[in-house]
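Remarks on the structure that follows.
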Amino acid sequence: MTDGTTQADLPGAAGRRGPSADPAPVRPSHGVLRPLGLAQVRIDGGFWGARQQVNAVATLAHCESWMERVGWLSNFDRVTDGTTGPDRPGWPFSDSEVYKLLEALCWETARSASPAAEAAIGRLTARIARAQDPDGYLNTCYGHGDQPPRYSDLEGGHELYNTGHLLQAATARLRTRGADELVEIGRRAAEHVCRTFGAHGRAAICGHPEIELGLVEFGRALGEDRYVDQARLFLDRRGHGTLRDIPLGRGYFQDDVPIRQAEVWRGHAVRALYLSAAAVDVAVDRGDDGLLAAVRRQWRRTVARRTFITGGMGSRHQDEGFGDDWELPPDRAYCETCAGVASIMVSWRLFLATGDTRHTDLIERTLYNVVATSPSGDGTAFFYANPLHQRLPGPPADGTQVSPRAEAGTRAAWFDVSCCPTNLARTLASLAGYVATSDDDGLQIHQYLPGTVRVTLPGDQRVAVRVVTDYPADGTVEVHVTATPERPWTLSLRVPAWAGGAWLVVDGQVRPAEPGQVGVRRRWRTGDVVRLALPVGPRLTWPDPRIDAVRGCVAVERGPEVLCVESRDLAAPQLLSTMEVDPAVLPVQAGDAVHVRARFAPVPSGDDWPYTSAAGEPADRGDWADVPLRPYHSWARRGPSGMRIWLPAVRRG
Ligand SMILES: [Zn+2]
């Protein structure tokens, strides 16, 4: 509605809707491939199943208890009882953490039918519901008591950002459980946004993109086209200097150049990525090929020039933002966990639209090296920034205190700005929604984890497979056909770009599997097995010479995992800075580590001027030794440690 009518008491579309047969975070109306959701993909243990379980039993409750402790939950109660004011605890965006937790809990109920998650949804929804104003506005930082008026600081206030996360939570609830109070809260909020900022309303945007994502997906879930139209309005208004200028410049919130004209992602990384994910959504739902082409162009250039080997994005701490092309310093890498999550969101949408496996390759890289890196083993501490080089061990973790710093070298229980833990939680809970797709001809598997995939092809033709694998520890992936129709269909498997020399075995026949997507079309029988062998042995990886911060260095990767050396595996922490490896000796797996041949330059004594005009190298470069490397995602799990991914390589000749 754009005529000002209050919708709060009218029966809405939500009231008629039950849960989705196959709940998934993203359901585009068009695309090359259809995503399979949490009902059709089941993850059963393995690398990711273990992390999902930790998320379910520890992280979700951890997030709720911290938000209670720091007052972000009682902010809603303070609005309800009229006692809130400008001094309420938390940043203006703290409401969004409650909504992201709610979203995670909704996906968890679909994943595991968890009674604890269902109870938490009820608790949180009741408190939020009472704080919603009669016209649908819902925010604990503005518009109540002596607080600043609604929408009086669109650059920094995050009101629409918060609402976007509310709508994503409502979407998850609608798809996993059906219409209920949380869905109604979302519908009232979405109507309020459309009335206030619609074509006849205020021509404004939010400093932090996110409302666009929430509106499109909620609109899809409800069959409510006006919400998608509203998202498109927000996208089209951006890039024209709609927001006030700020010291960091309008590029910080992507209001410097219209998204259709931009060549590369810039500014605050999470903002740029959320905006682009929403742009893909709008493009595919509206058949806007120009907009889709613009985001694809930006993805390609950013991945080619502004992305770390981990898949991490964001080089600058001052604005949590992208740097210039090739500005990828390992020790100053920011790589916010949320930017990793957001990168996956963009890549998944682009993949569904195009079928281009470069997107699913980047998703895998980012999952194993950003998403898996952030949480501690017990799921109660998190990295916010994910640098590629930590010079000295961080301070010992203190699980009782809020960390004021995003970059500390140790995982923290909670942060002053605590966007990353809840973003991780919702991603892990909904991970099954990023694993496989279908089209009219068959089934495609993109991420390898033990579990089952079921899909119904056109004509009620049921297909089911069981995936057996210990990936990434082992490169063998077996797909067992457990149900198949009579007619032929195609099973497709992704072969990562790094997996040159992979092969596939079908019916005892071995065939090479080139990087990209390998498909087998045939009349299947129950009990058929396809075996994909991916070469996950350690390999050396060299950087483009234009990434000057790491020129002359080499990294070691193993399958999808980037490896690192930790100072706790060296005789002394400072040896991290003088280590050099011999790339002529290939790394070898030994036990749970990969060993490289390395030596350590002698450290000069004293504190003299560290530069010299004397040419040449010291004669004594130390003795060669085997040094263990371990997956970057596990660094500092054994306690504070220095760490580096890029290792100076010995020059020859
Ligand atoms: Zn974050």
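Numbers 1 to 653, taken from the numbering used here, label the letters of the sequence shown in order.
No residue lacks a Cβ here, since even glycine has one placed at the ideal position from N, Cα and C.
Residue i versus residue j - alpha carbon distance
i: residue 481; j: residue 536; result: 25 angstroms
i: residue 87; j: residue 112; result: 39 angstroms
i: residue 501; j: residue 255; result: 45 angstroms
i: residue 497; j: residue 48; result: 21 angstroms
i: residue 6; j: residue 108; result: Unreliable placement is indicated for residue 6, whose pLDDT of 33 sits below 50; no coordinate value is reported for it.
i: residue 588; j: residue 523; result: 41 angstroms
i: residue 142; j: residue 77; result: 14 angstroms
i: residue 645; j: residue 564; result: 4 angstroms
i: residue 12; j: residue 140; result: Low per-residue confidence applies at residue 12: pLDDT is 45, beneath 50, and the placement is therefore not dependable, though the value from the model is reported in the following sentence. Near 25 angstroms, if we compare the C-alpha coordinates of residue 140 and residue 12.
i: residue 509; j: residue 450; result: 24 angstroms
i: residue 455; j: residue 466; result: 12 angstroms
i: residue 121; j: residue 102; result: 6 angstroms
i: residue 341; j: residue 485; result: 37 angstroms
i: residue 161; j: residue 222; result: 20 angstroms
i: residue 625; j: residue 570; result: 11 angstroms
i: residue 550; j: residue 643; result: 15 angstroms
i: residue 326; j: residue 337; result: 20 angstroms
i: residue 186; j: residue 211; result: 12 angstroms
i: residue 383; j: residue 554; result: 24 angstroms
i: residue 390; j: residue 333; result: 10 angstroms
i: residue 155; j: residue 573; result: 43 angstroms
i: residue 503; j: residue 516; result: 12 angstroms
i: residue 543; j: residue 90; result: 41 angstroms
i: residue 216; j: residue 286; result: 11 angstroms
i: residue 220; j: residue 585; result: 54 angstroms
i: residue 321; j: residue 98; result: 25 angstroms
i: residue 17; j: residue 119; result: 21 angstroms
i: residue 290; j: residue 630; result: 43 angstroms
Under 9 angstroms between C-beta atoms of residue i and residue j
i: residue 63; j: residue 177; result: no
i: residue 136; j: residue 193; result: yes
i: residue 203; j: residue 163; result: no
i: residue 641; j: residue 567; result: yes
i: residue 125; j: residue 180; result: yes
i: residue 560; j: residue 594; result: no
i: residue 370; j: residue 335; result: yes
i: residue 35; j: residue 434; result: yes
i: residue 386; j: residue 312; result: yes
i: residue 132; j: residue 84; result: no
i: residue 445; j: residue 493; result: yes
i: residue 453; j: residue 168; result: no
i: residue 531; j: residue 580; result: no
i: residue 267; j: residue 241; result: no
i: residue 432; j: residue 150; result: no
i: residue 349; j: residue 284; result: yes
i: residue 328; j: residue 301; result: no
i: residue 33; j: residue 437; result: yes
i: residue 495; j: residue 520; result: no
i: residue 182; j: residue 129; result: yes
i: residue 650; j: residue 582; result: yes
i: residue 54; j: residue 379; result: yes
i: residue 534; j: residue 490; result: no
i: residue 406; j: residue 417; result: yes
Heavy atom of ligand 1 within 8 angstroms of residue i beta-carbon
i: residue 252; result: no
i: residue 557; result: no
i: residue 373; result: no
i: residue 410; result: no
i: residue 384; result: yes
i: residue 336; result: yes
i: residue 423; result: yes
i: residue 194; result: no
i: residue 228; result: no
i: residue 270; result: yes
i: residue 54; result: no
i: residue 63; result: no
i: residue 98; result: no
i: residue 370; result: no
- Taking one C-beta from the stretch 412-431 and one from the stretch 362-379 each time, how about it: are there three or more such pairs within less than 8 angstroms? With contact defined as three or more Cβ pairs closer than 8 angstroms, the stretch 412-431 and the stretch 362-379 are in contact.
### Message
Contact between the stretch 170-190 and the stretch 22-42 is defined here as three or more beta-carbon pairs at a separation below 8 angstroms; is this criterion met?
### Response
In the pairwise beta carbon analysis, the stretch 170-190 is classified as touching the stretch 22-42: at least three pairs are separated by under 8 angstroms.
**Message:** Can you confirm whether the stretch 412-423 touches the stretch 380-400 when touching is taken to mean that 3 or more C-beta pairs between the two stretches lie within less than 8 angstroms?
**Reply:** With a cut-off of 8 angstroms, the stretch 412-423 and the stretch 380-400 count as touching, because enough Cβ pairs lie within range.
Stretch-stretch touch, CB-based, cutoff 8 angstroms, three pairs: the stretch 91-101 with the stretch 447-460: The answer is no - the stretch 447-460 does not touch the stretch 91-101, with fewer than three Cβ pairs under 8 angstroms.
Given 8 angstroms, three or more beta-carbon pairs between the stretch 283-295 and the stretch 258-267
Between the stretch 283-295 and the stretch 258-267, the count of Cβ pairs shorter than 8 angstroms is three or higher; the stretches touch.
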